[in-house]
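A short worksheet on the structure shown next.
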Amino acid sequence: MTEEGDGRLERLNEMLKRRGFLLPAFGIYGGAKGLYDFGPVGGRLRSRVNQAWLDHWLQLGNIVELSCPTVTPYEVLEASGHVGEFSDFMTTCKACEEASRADTLLEPHHPNPDALKRDELQELLHSINPECPSCKASDWSDVVAQNLMFNTTIGSGSSGRAGFIRPETAQGMFTSFPSIYRHFRERLPFGAVQVGKGYRNEIAPRQGMIRLREFNMAELEYFIDPEAPVDVDLSAWENQIITFIAQDSPEFTSTLAKAHEDGLIHHPTVAQFLGMTHDFLVNMGIIPSKIRFRQHEKDEMAHYAKDCWDIEILGSYGWIECVGVAHRGCYDLESHHKATGKSLHARREYAEPKTTIIDAWTINGATVGPTFKALAGAVKVAVEELPKSTQFPAQVTLSTGDTVTLEEQHVKPNQLTIKETGEWYIPHVIEPAFGIDRIIWHMIDHAYHESDKDGEVYTIMKLKDTIVPVDYAVFPLFEKDGMDQMAMELHRTFCASTGIVSMYDGSGSIGRRYARADEIGVPQCITVDHQSLEDRTVTVRNRDNGEQTRVSIESLTQ
RNA sequence: GCGGAUAUGGUGAAGUGGUAUCAUAGGAGGUUUCCAACCUUUUGUCGUGGGUUCAACUCCCGCUAUCCGCACCA
C-alpha cells in the first residue's frame, strides 16, 4: 500500500471528483466557496450513512426522530445564545476599505480582546487607533457585529420577521420538548434525533470537506433527570482501549469505565455515548487506532457546556474533530423557558409523598387589613414565621423595617397539612453532535487503498458493505450472444429490490470494468459469461481479494 | 481575513500575441473465454468580466475559485 504524503491526497481528491463522490458545487459557475455536491456516487453514500446513524441511536429504544425547519426565527437563536456567541466584531479602514476583525487589531494592546463587548472594543479601538495592516492608515469605522449565521427574512415587506438559517439542528429539538415529553408519557430519560443541514457563514472555509458553509449534521438530544439514578452499563466496552486527551494531561489510554471511575468523564451517560460513538465510527469503517477522545479545556468550552468531549479522527488533514459529546446541563431548556415563559419542565414524583405539617399562626385578614393597610402583606409574612409559642400582644419587626404591635385579634392559629407528591425540574441534556461530512471524508480517506500494479497506481475503496454506494456491478463478459440481455435483466432484478443499488457496465474490457468498480468500492462484481447462458450461473468476484466463485442467479436474487 | 502560488478537454498535464498539444477518460463499431490489452472512429477545452491590440488562452486590471502558510472556527 502506498503511504500518504506522496501525492496520495491529490490523487484521492482527483478520483472523488472524477467518479462523482464529492465535487465543488455549482462548478459550471466557477464553484462556490464552502459548498460541495455529493455526486452520483457520493449521494447514495451520504444517505446510507445518515440512515445507519439514525438506526444506531434508535436502538436505544427511547429515541424519536424529528425533522425541524432550517429557517428559524431570530428570537429562538437569540435565546439559545447564538446571536451573541456566533459573531465577530468587524471594523473597516476608512482609507482603503479593508475590513478587519477589531479584536485582532487590538491583540498587541490588550491581553484578551476576544472577551470584550462591542462598546469596549469600539472605545479601545478609537483610543489606540492601530495601523491598518494593509495600508498603514489609522482611521477606523464603527465596530459592527458580523454574524456567522445566514440572515434571512421570514415573510416579505413590512410583515417580514427576522430570522436565520439554523447553525445547528439542536434548537428545533429543544423547542419541541413539550411534544416529545408528551410522546414519551412524561417519563425520562428519552431523546430525539435529527439529521439535516446546518449553515454557518464561515469567514474562511478550508480543507475541502472539513469546514463547509452548508453541512450535514446529525444530533441527538438526550433528556435526563439530573437526580435520577443512572442505569448505564459500560461493560460492553470493558475491553475497548481508547486514547484520551484530558484537561491538563498528555495523551493516554484507558477504558470508558475506568475514565468514568477516575472522574474524568463526569456523567455515565456521556461515557455510554462516547462508547456508542466509537462503535458507530468503527462500523462505518473508521480505523480504531485513528480515533481519540479529547476533553475540552475549561476556557474552550462552549457557552452551554458542563463537560465536553471531542471525538477526533486522524486523516490527511491531521486530527480533526468529527463528533462532539456535550453535557449541556439545563442551559438550553432554561433559556427557552426564560425567553417564552412556557413550561419546559418535567415532573419528578417522590417515592413517598412529602407531607409538611404547619402548626403556627397566620393573620386574621379582617382585622389586619384595616389596621395595617399597606403593611398588611409584610405583617402576614412576619406572622407566619412566628413560633407557635408566641404570646400576644407581641412586638414584631417587619421586612420593611417597621415595628408593629400585634394584638390577639390580629392573628389566628394556622394548622395545615401540605402534601407534595413530586416536583418540577428542568431536564438536563446530553448531546452527541456529528459532523456527517467530516465523518464521510474520513471513511473515504481510511477506505482508500492504493497499490502498485505494473507501475501504475491501482485504487480500491474498501468501504464497509453496509454503506457502499453501489452493492452490485453486473457485467456481461461480452455484449453479444444474449449475455448483455441476461446481465441487464439481472441488473434490473437487483434494482427492483428495496435498498439494493446495482450498476450495469458493458463498456471496455472486463479487467477495466473490475478496476472501475473497485475504484468506487463495489463489493461484488457479477459477470455473465457463455456458461451463464447454458446453466444460469454467474461468477461473483470479491472486491478485496479478487477471488471468484460461481453461483446460480437464483441464489443471488432471492 | 492576511501573505504566497495557481486556474488549459471529464481527469492530469505541455505550450504560444495569429483560435492549441499530449496522456488518460467517455461514446460508437470491431476484436477478445474474466482483472485498466488491442484496432478504427468520435466527443470535448484555454475559470470569469473588462482593458490594450488588426488579432488575447498568452499582456494588464477586477472578480470568482483552488492549494500552501498565518489567523479564525469547532
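Throughout the first sequence, residue numbering follows this note's numbering, covering 73 to 630 in sequence.
In this text, a Cβ means the ideal position worked out from N, Cα and C, and glycines have one as well.
Beta-bridge partners assigned by DSSP to residue 391: 386. Residue pairing for residue 300: DSSP places it in no beta bridge. Spanning the alpha carbons of residue 555 and residue 600 requires a straight line of approximately 6 Å. Beta-bridge analysis with DSSP links residue 254 to no other residue.
Secondary structure remark: continuous beta strand (DSSP E) runs of at least 3 residues inside the stretch 496-535, in chain order: 500-507, 520-525, 528-533. For residue 415 and residue 506, the gap between their C-alpha atoms comes out near 29 Å. Pairing residue 545 with residue 607, the inter-Cα distance amounts to about 20 Å. The beta carbon of residue 603 sits closer than 7 Å to the beta carbons of 609 from its chain, once the five residues preceding and following it are set aside; these are given in chain order.
By the neighbour-count definition (other C-beta atoms within 10 Å, threshold 16), residue 319 is an exposed residue.
The C-beta distance from residue 111 to residue 93 rounds to 6 Å, short enough to meet the 8 Å contact threshold.
Between residue 436 and residue 481, the beta carbon gap of about 7 Å places them in contact (Cβ cut-off 8 Å). With contacts defined as CB atoms closer than 8 Å, residue 117 and residue 539 qualify as a contacting pair. Rounded to whole angstroms, the gap between the alpha carbons of residue 458 and residue 432 is 7 Å. Beta-bridge partners assigned by DSSP to residue 574: 544. For the 8 Å CB-CB criterion, residue 504 and residue 395 form a contact. Closest by C-alpha distance to residue 630, out of 562, 98, 621, is 562. By the CB criterion at 8 Å, residue 470 and residue 448 fall outside the cutoff. If you ignore the 5 residues before and after residue 273, its C-beta comes within less than 7 Å of the C-beta of 220, 221, 222, 285, all in its own chain and listed in chain order. The DSSP-derived three-state label of residue 603 is helix. About 28 Å separates the beta carbons of residue 267 and residue 300, which is beyond the 8 Å limit, so they are not a contact pair. Segment contact: the stretch 400-412 against the stretch 148-160, three or more CB-CB distances shorter than 8 Å; contact assigned.
Cβ-Cβ distances below 8 Å link residue 343 to 304, 306, 328, 329, 331, 332, 337 in the same chain, with the five nearest sequence neighbours on each side left out; the list follows chain order.
Counting every other CB atom within 10 Å of its CB across the protein chains shown gives residue 357 a total of 16 or more, marking it as buried. Annotation: residue 522 to residue 225 spans about 49 Å, alpha carbon to alpha carbon.
For residue 512, the closest alpha carbon among the candidates 143, 492, 535 is that of 535. Spanning the alpha carbons of residue 302 and residue 260 requires a straight line of approximately 11 Å. Residue 597 has 545, 613 as its beta-bridge partners, per DSSP. Fully enclosed beta strand (DSSP E) runs of no fewer than 3 residues occupy 262-271 of the stretch 235-279, in order along the chain. Just measuring C-alpha positions, the residue of 339, 467, 296, 366 sitting nearest residue 321 is 366.
At a Cβ-Cβ threshold of 8 Å, residue 236 and residue 252 do not count as neighbours. Shortest Cα-Cα distance from residue 140 to any of 99, 243, 194 involves 243. When DSSP states are grouped into helix, strand and coil, residue 345 belongs to the helix group. Of the residues 350, 417, 155, the one whose Cα lies closest to the Cα of residue 500 is 417. In this structure residue 621 is exposed. Its beta-carbon is surrounded by fewer than 16 other beta-carbon atoms within 10 angstroms. At a Cβ-Cβ threshold of 8 Å, residue 265 and residue 383 do not count as neighbours. Among the bridge pairs identified by DSSP, residue 380 is matched with 398.
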